[in-house]
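Chains W and G, in that order, give the protein sequences. Position one of the first sequence corresponds to residue 1 (this note's numbering), numbered consecutively onward. Position one of the second sequence corresponds to residue 292 (this note's numbering), numbered consecutively onward. We treat Cβ as the ideally placed atom computed from N, Cα and C, and that holds for glycine. In this text the structure is predicted, and so the values were computed from the model without any measurement. Structure, as structure tokens:
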Amino acid sequence: MQFIQQLINGVHVGSIYALIALGYTMVYGIVKLINFAHGEIMMLGAYVGFFAIGLWGLPFPLALLVAMVFSALLGVVIERIAYKPLRNAPRISALITAIGMSLLLQNIALVLFGPDPQKMPAVISKEAIHLGGVQISYLTIVTLVLAVGFMILLELFIKRTKTGKAMRAVSQDKAASTLMGIDVNRIISVTFAIGSALGALGGVLYAVAYPQIEPYMGIMPGLKAFVAAVLGGIGSIPGAMLGGFILGIMESLTKGYISSQWSDAVVFGVLILVLLIKPSGLLGKNTREKV
Amino acid sequence: MKKTALVLVLSIVLLAFSGCGGAAEESTTIKIGTIAPTTGQVAVYGQAVDQAVRLAVKNMNAAGGLLEKEIELIGYDNKGDITESVNAFNRLVDNDGIDVFIGAVISSTTLTIAPLAVESGIPMISATATNLEITPVGDNIFRACFIDPYQGVVMAQFAAEELKAKRVGILFNTADDYSTGLADSFKAEFEAAGGTITNFEGYTGGSDKDFKSILTKVKAEAPDVLFLPDYYNTVSLLAEQAKELGIEATLIGGDGWDGVLGVTDEAVEGAYYASHFAKDDPAENVQKFIAEFEAETGETPNSFSALGYDAAMIMMEAVQTAGSTDSAAVVEALKGTDYEGITGHIQFDADGNPVKSISIILVKDGVDTLYGKFDAK
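Printed below as a string of structure tokens:
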């Protein structure tokens with residue numbers, strides 16, 4: 001019984017990791033950039049969600065929408081200002097820019113909102129449903145439904161729509177896509193918008209589950225989501241989802257059965273092992289660099 | 292007969308002269324030095340203590356000062372920094388010529404000042420430094436706050452005797468001395484009393500926000516009481532997730548909980564925690580202090596202010612009792628302290644740590660209420 005409970009705990013936090021991991025993996029798939037500012041986009045999304053609920057008194061679904069739209073725009077703006085001019089520069093320059101952007105956003109949040117944690121109002125009931133000794137809170141259910149729902153939507157969008165098809169084309173070959181009449185700049189913007197919106201969704205759900213919003217809240221979940229994306233195979237969308245869930249469950253079981261202090265060590269240890277055995281990640285394609 | 296009369300007359304004359312002579316030599320004020328971090332990272336604590344010390348001195352001066360002299364308070368800001376503390380203390384002793392010292396506020400800076408105070412022989416009392424190593428540094432060093440192990444012991448006895456708990460779970464922050472200290476002393480005391488510790492789980496505070504996995508382990512053991520010795524931000528996360536998992540154990544905690552109602556509500560309803568003082572304590576001196584503090588600063592006093600006030604009062608009473616500012620006499624008077632303070636009735640043990648009651652706060656209908664005062668047995 002305790003094992004099932006630990007699985008549920010893991011799936012809850014794992015679904016949030018998966019949502020954030022999607023942003024990393026989509027951006028990487030398109031522009032081959034690890035967007036280290038993604039954790040901060042998630043943090044700012046959580047702040048916007050907090051203001052929408054706590055200050056403007058919006059209902060939860062509307063607040064979620066506001067946060068996602070805000071983050072989508074923020075993601076697009078960041079890409080235009082900071083990454084686009086470096087698109088043809090060495091990849092390391094863009095990476096350093098991303099780290100700089102991450103610190104910049106953290107410090108802006110620190111100046112604007114102060115270092116004290118803000119308390120997210122309890123918008124979703126944490127009352128538990130009892131199922132034969134196992135507790136599932138409404139919050140866990142809502143989180144799971146939203147996370148899986150948006151993942152299915154994303155999958156449909158990429159497989160069934162013209163823009164989705166264009167995204168896949170750009171990720172394969174940018175030059176050839178341009179020749180086929182695809183507006184690569186627009187596709188990159190769309191990718192950043194979707195990834196950032198999903199990050200904001202993850203951020204708001206994270207803030208509801210652990211109701212303390214502060215400027216550094218994006219660091220750990222961002223890092224873990226990045227690990228999830230690499231674990232699943234960076235660039236692979238199903239891989240990011242799988243990686244997120246695996247990471248969450250692994251963390252929960254380590255805390256539950258070994259020790260809370262070991263959880264990060266075990267999680268990152270497994271990452272190293274997976275990458276030693278399968279360097280491209282669990283679902284990553286084994287591509288050779290063409291010279 | 293004649294002889295006796297002569298002796299009497301002589302002694303009266305001598306007394307009169309010695310009185311005059313003494314007054315002419317000593318300075319006209321009593322100088323109290325204080326160091327607090329009124330700016331910087333820990334300014335919140337420093338300001339709370341500093342304001343209260345100033346209030347205590349102001350009250351004492353209004354009541355006629357000490358030994359019929361005015362009290363002069365000389366305060367410096369150390370920004371919570373060790374080097375600044377050393378400089379400030381040296382300045383207080385060498386340039387300002389202080390008689391007694393009140394400070395510092397946080398443990399690290401207080402620990403740095405303590406050996407200097409021993410060297411110069413200045414009687415010293417800290418309001419809030421909890422580190423164990425501080426008072427054993429010297430005979431002339433005291434503190435007004437209870438120390439961490441004492442708190443753990445009282446909470447263990449409270450759980451066993453008042454809450455009739457047989458089984459207690461403990462979750463603590465392995466990255467924090469305060470949290471592990473309370474957890475260890477609680478565990479030792481509760482087990483000595485014949486109770487069972489069902490869970491003794493460490494977590495990494497700060498970065499970790501998901502405690503549901505370890506709380507699931509706690510739930511499986513179904514303890515009567517769950518002891519959470521951490522600061523209020525983490526406590527609120529723990530309490531809310533415990534509630535989410537349907538844990539029904541009574542939650543208890545230490546003085547780090549002070550302020551928990553600012554960040555959570557229902558999750559800590561019915562919880563108990565140790566505190567230095569209670570704002571709703573009906574005692575006359577407590578209410579008088581709260582009213583005066585609010586009038587003076589416009590803010591509600593917290594535990595830090597209450598301890599600051601008590602530290603200053605204890606030191607000033609000791610000077611009064613000693614009848615002089617002679618260090619040895621003041622230290623002797625401090626050792627014999629028997630003072631009814633805002634934070635309880637205070638006496639000192641051989642190490643200069645206070646022996647006093649702990650106020651247990653019960654969170655009832657979303658408000659901190661005084662449940663009772665308890666002493667270690």
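Residue range of the unbroken beta strand (DSSP E) whose run includes residue i
i	result
W:VAL148	No beta strand (DSSP E) holds W:VAL148; the alpha helix (DSSP H) holding it covers 138-160.
G:GLN638	635-639
G:ILE373	Here G:ILE373 belongs to no beta strand (DSSP E); instead the alpha helix (DSSP H) covers 373-385.
W:ARG80	Looking at the DSSP string, W:ARG80 is not in any beta strand (DSSP E), and its letter there is neither H nor E.
G:GLY544	541-544
W:MET305	Absent from the model: residue 305 of chain W. The displayed extent of chain W is 1 to 291, so no value can be given.
Status (buried if at least 16 other CB within 10 Å, exposed otherwise) for residue i
i	result
W:MET1	exposed
W:SER249	The residue you asked about is not Ser; residue 249 of chain W is Ile in the sequence shown. Buried, because 16 or more other Cβ atoms sit within 10 Å of the Cβ of W:ILE249.
G:GLU590	exposed
G:LYS647	buried
G:GLN442	buried
W:TYR257	exposed
W:PHE3	exposed
G:VAL391	buried
W:ILE237	buried
W:HIS12	buried
W:GLN6	buried
G:GLY544	buried
W:VAL267	buried
W:VAL291	Low per-residue confidence applies at W:VAL291: pLDDT is 46, beneath 50, and the placement is therefore not dependable enough to give any value.
G:MET607	buried
G:SER318	exposed
W:ARG91	exposed
G:GLY313	Only weak support exists for where G:GLY313 lies, its pLDDT of 39 falling under 50; the value from the coordinates is given anyway. So G:GLY313 counts as exposed.
W:ILE272	exposed
G:ASP640	exposed
W:GLU79	buried
Run of the alpha helix (DSSP H) containing residue i, from where it starts to where it stops
i	result
G:GLU531	523-535
W:GLY54	Unbroken run through W:GLY54: none, as it is neither H nor E.
G:LYS626	618-626
G:ASP439	439-448
G:ARG458	It is not in any alpha helix (DSSP H) - G:ARG458 instead sits in the beta strand (DSSP E) that spans 458-464.
G:PHE518	Premise fails: G:PHE518 lies in the beta strand (DSSP E), 516-518, not in any alpha helix (DSSP H).
W:PHE113	91-113
G:GLU363	Taken as a continuous stretch (DSSP letters only), G:GLU363 belongs to no alpha helix (DSSP H), being part of the beta strand (DSSP E) at 361-368.
G:THR489	From DSSP, G:THR489 is part of no alpha helix (DSSP H) but of the beta strand (DSSP E) over 487-494.
G:ILE505	503-512
G:THR660	Careful: G:THR660 lies outside any alpha helix (DSSP H), inside the beta strand (DSSP E) at 658-665.
G:LEU454	Premise fails: G:LEU454 is in no alpha helix (DSSP H) and is neither H nor E.
G:THR319	Premise fails: G:THR319 is in no alpha helix (DSSP H) and is neither H nor E.
G:LEU402	398-411
Residues near residue i in its chain [Cβ-Cβ closer than 7 Å; skip 5 each side]
i	result
W:VAL123	ILE53, PHE60, VAL208
G:VAL348	ILE323, ILE362, LEU364, ALA603
G:LYS668	GLN448
G:ASN593	ALA339, ASP549
G:GLY252	The requested residue 252 of chain G does not occur in the structure, where chain G is confined to residues 292 to 668.
W:LEU146	LEU201, LEU205
G:VAL622	PRO414, ASP430, ASN431
W:VAL27	LEU33, ASN35, THR191, PHE192, GLY195
W:PHE50	GLN118, MET120, ALA207, ILE213
W:ILE99	PHE36
The ligand SAM heavy atom lying under 7 Å from the CB of residue i
i	result
G:ILE389	The model depicted lacks the ligand SAM and carries no ligand whatsoever.
Own chain residues within Cβ distance below 6 Å of residue i, not counting five before or after
i	result
G:ASP341	ALA327, THR329
G:ALA405	ILE425, VAL428, ILE432
W:PRO211	LYS119, MET120
G:ILE460	The question names Ile, yet the displayed sequence has Gly at residue 460 of chain G. These residues qualify, in order along the chain: THR489, ASN490, VAL509, PRO514, LEU517.
G:GLY635	LYS647, SER648
Chain C residues whose Cβ lies nearer than 7 Å to that of residue i
i	result
W:SER137	In the structure shown, chain C cannot be found, because the protein chains are W and G.
Contacts around residue i, its chain only, beta-carbon distance under 8 Å, and the 5 residues preceding and following it disregarded
i	result
G:LEU536	LYS503, LEU506, THR507, LYS510
G:VAL554	TYR523, ASN524, SER527
Open item on the list: Any contact between the stretch 602-614 of chain G and the stretch 353-364 of chain G? By contact I mean 3 or more CB pairs, one from each, below 8 Å.
Closed with: Yes, the stretch 602-614 of chain G touches the stretch 353-364 of chain G.
Open item on the list: Can you confirm whether the stretch 126-145 of chain W touches the stretch 222-229 of chain W when touching is taken to mean that 3 or more C-beta pairs between the two stretches lie within less than 8 Å?
Closed with: Judged by Cβ distances under 8 Å, the stretch 222-229 of chain W makes no contact with the stretch 126-145 of chain W, as fewer than three pairs qualify.
Task: Three or more C-beta pairs below 8 Å linking the stretch 422-440 of chain G and the stretch 452-462 of chain G - done: These segments do not touch.
- [ ] Could I get the ranges of all uninterrupted alpha helix (DSSP H) runs contained in the stretch 204-281 of chain W, with 4 residues as the minimum, in chain order?
- [x] 219-232, 237-257, 263-277
- [ ] Entirely within the stretch 571-618 of chain G and at least 4 residues each: give me those alpha helix (DSSP H) ranges in chain order.
- [x] 575-588, 594-613
- [ ] Mind listing, in chain order, the continuous beta strand (DSSP E) runs of no fewer than 3 residues lying wholly within the stretch 12-69 of chain W?
- [x] none
TODO: Would you be able to state if there are at least three C-beta pairs under 8 Å between the stretch 146-159 of chain W and the stretch 14-24 of chain W?
DONE: yes
Open item on the list: Contact between the stretch 160-171 of chain W and the stretch 563-577 of chain G is defined here as three or more beta-carbon pairs at a separation below 8 Å; is this criterion met?
Closed with: no
Open item on the list: Does the contact criterion of 3 or more C-beta pairs under 8 Å hold for the stretch 564-578 of chain G versus the stretch 659-666 of chain G?
Closed with: yes
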